[in-house]
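Report on the following structure.
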Ligand SMILES: [Fe+2]
Ligand SMILES: [Fe+2]
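Numbering (the working numbering), first residue to last: 74 to 281.
As C-alpha cells, this is what we get:
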C-alpha cells in the first residue's frame, strides 16, 4: 500500500523540482574557469544542449521519487539516496549553466516529470532486482547520451564541458552502485524501449 505521507512528500518534491531553483552542496564544476567566447549560434546550441540535460535531470528526480514511493524493500534505499542527492546537484548545475548562457528551461518539464514519475513507480513495484536493474540501465544510457553531448559542445566551451564530464562520472558510479546492490540485467527489448522513449524527450527538449 502507498503511504499517504510519502505520497505528499513526493508531490511536494515534484513541484519543487519543476518550479523552484535546485541547490547544490558541491561547487558547480568549471565555476573557476573563465567564460569562453561563443558566437550567437554556438551560444544557442549549447543552451539547448544544457536544456536537454536539465530536463534529463528533472526525469532523474522523478524516477527516484517514483521508485521511492513504491519500492517494497528498503535495503537499497540508502544507496539510492546518495545518488538522488547528486542528481539534485546536476539539476542545479545545468540550471545555472542555462542561465549563464541566457537560455530557458524546457516548458515541458512538468510533462517529463509526470511521465518519468509513473515509470519509476512501476519499476519500484517490480522489486529491488528490477528496480535497481532499471536504474543501472537508465544511468548507462545517460552516460552514453552525455558522451554524445561532449562531442557536440564547441571545443573551447570549457565551462559546459566541466559540468558534463562530472555528471558523466557521477552517472557511471550510480550505475555501478545499482548493480552492486543487486540490480538485474534488463531484457534487450526493454532497453530499446527505454532508448526510444528518452529520444522523444531529448529531441523535443532541444527545441522546447
Ligand atoms: Fe544526473
Ligand atoms: Fe545518475
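Even glycine gets a Cβ: it sits at the ideal position worked out from N, Cα and C. These numbers were taken from a predicted model, which means no experiment stands behind them.
Count the other C-beta atoms from every protein chain shown that fall within 10 angstroms of the C-beta of residue i, then say buried if there are 16 or more, exposed otherwise.
i: residue 159; result: buried
i: residue 112; result: exposed
i: residue 94; result: exposed
i: residue 101; result: buried
i: residue 220; result: exposed
i: residue 261; result: exposed
i: residue 114; result: exposed
i: residue 228; result: exposed
i: residue 237; result: buried
i: residue 86; result: buried
i: residue 134; result: buried
i: residue 306; result: Nothing about residue 306 can be read from this structure; the chain reaches only from 74 to 281.
i: residue 170; result: buried
Considering only the beta carbon of each residue, do residue i and residue j sit closer than 7 Å?
i: residue 127; j: residue 168; result: yes
i: residue 125; j: residue 90; result: no
i: residue 222; j: residue 122; result: yes
i: residue 162; j: residue 99; result: yes
i: residue 203; j: residue 257; result: yes
i: residue 179; j: residue 278; result: yes
i: residue 205; j: residue 255; result: yes
i: residue 103; j: residue 232; result: yes
i: residue 209; j: residue 157; result: no
i: residue 140; j: residue 196; result: yes
i: residue 109; j: residue 230; result: yes
i: residue 97; j: residue 172; result: no
i: residue 213; j: residue 269; result: no
Mind reading off the beta-carbon distance from residue i to residue j? Whole number of angstroms is fine, and I expect it under 8 Å.
i: residue 259; j: residue 207; result: 6 Å
i: residue 181; j: residue 119; result: Rounded, the Cβ-Cβ distance is 20 Å, inconsistent with contact.
i: residue 305; j: residue 193; result: Since the first residue shown for the chain is 74 and the last is 281, residue 305 is missing from the structure and cannot be characterised.
i: residue 244; j: residue 263; result: That belief does not hold up - the Cβ atoms of residue 244 and residue 263 are roughly 19 Å apart, past 8 Å.
Is there at least one Cβ from chain D nearer than 7 Å to residue i's Cβ?
i: residue 196; result: The structure shown contains no chain D, having only a single protein chain.
Closer than 7 Å from C-beta to any heavy atom of ligand 2: which residues, in chain order? 133, 156, 159, 160, 212, 215, 243, 244, 247
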